[in-house]
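Numbering (my numbering), first residue to last: -15 to 132.
Heads up, the beta-carbon is just placed ideally off N, CA and C, and yes, glycines get one too.
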């Protein structure tokens, strides 16, 4: 999936209202629901929470990549959310998390979501990409940040 195809204006929020980990997950999943990407919100949420129980998907540096695989996912999708104040998300570095990339994959998709997860993670290791993402306030700026 190309960077430009990963994101949609229907699945980005530059000012999350959430103040807790659970609220962030709910708010991000709601964007998938509104965009018609899920047949069963509860089933997908269970998959994401199960993954979070294994280990937090907050990778440090103010970034989390919660993800889940479920038969309720119609099409593999990514949701981007940004918190202005930061949220405690059980991060490795114990710092607040500001940038969230929720990845949803259909059960039958094999390991495609792992490739997308790897691609995003690799780009997020670049400090310039992170700086641009923290400044981003539009879909265009979000996409351009990944092209640094």
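| Asked | Found |
| --- | --- |
| Checking the sheet assignment: what are the DSSP bridge partners for residue 51? | 87 |
| Where in the segment 1 to 69 do unbroken runs of the alpha helix (DSSP H), each at least 4 residues long, occur, reported from the N-terminal end onward? | 5 to 18 and 25 to 38 |
| Apart from the five residues on each side of it in sequence, which residues of its chain come closer than 7 Å, Cβ to Cβ, to residue 24? | 56 |
| Can you find the residues in the same chain that come closer than 6 Å, C-beta to C-beta, to residue 65, ignoring five residues on each side of it along the sequence? | -3, 0, 12 and 84 |
| Count the C-beta pairs between the segment 73 to 84 and the segment 34 to 48 that are closer than 8 Å, then say yes if the count reaches three, no if not. | yes |
| Measure the Cβ-Cβ separation of residue 101 and residue 49 and say whether it is below 8 Å. | yes |
| Judging by CA-CA distance, which residue of 60, 5 and 127 is the nearest neighbour of residue 17? | 60 |
| Hey, residue 19 and residue 40 are a contact pair by Cβ (cut 8 Å); roughly how many whole angstroms apart? | Residue 19 to residue 40, Cβ: 25 Å. No contact. |
| Determine the contact status of residue 88 and residue 21, defining contact as a CB-CB distance below 8 Å. | yes |
| Pop quiz: residue 126 and residue -9 are said to be a contact at Cβ under 8 Å. What is the actual Cβ separation, rounded to whole angstroms? | 6 Å |
| Tell me which residues share the same chain as residue 114 and place their Cβ nearer than 8 Å to its Cβ, disregarding the 5 neighbours each side in the sequence. | 45, 46, 47, 83 and 108 |
| Straight-line CA distance for residue 118 to residue 33? | 26 Å |
| Can you list, in chain order, the residues of its chain with a C-beta nearer than 6 Å to that of residue 128? Leave out the 5 residues immediately preceding and following it. | none |
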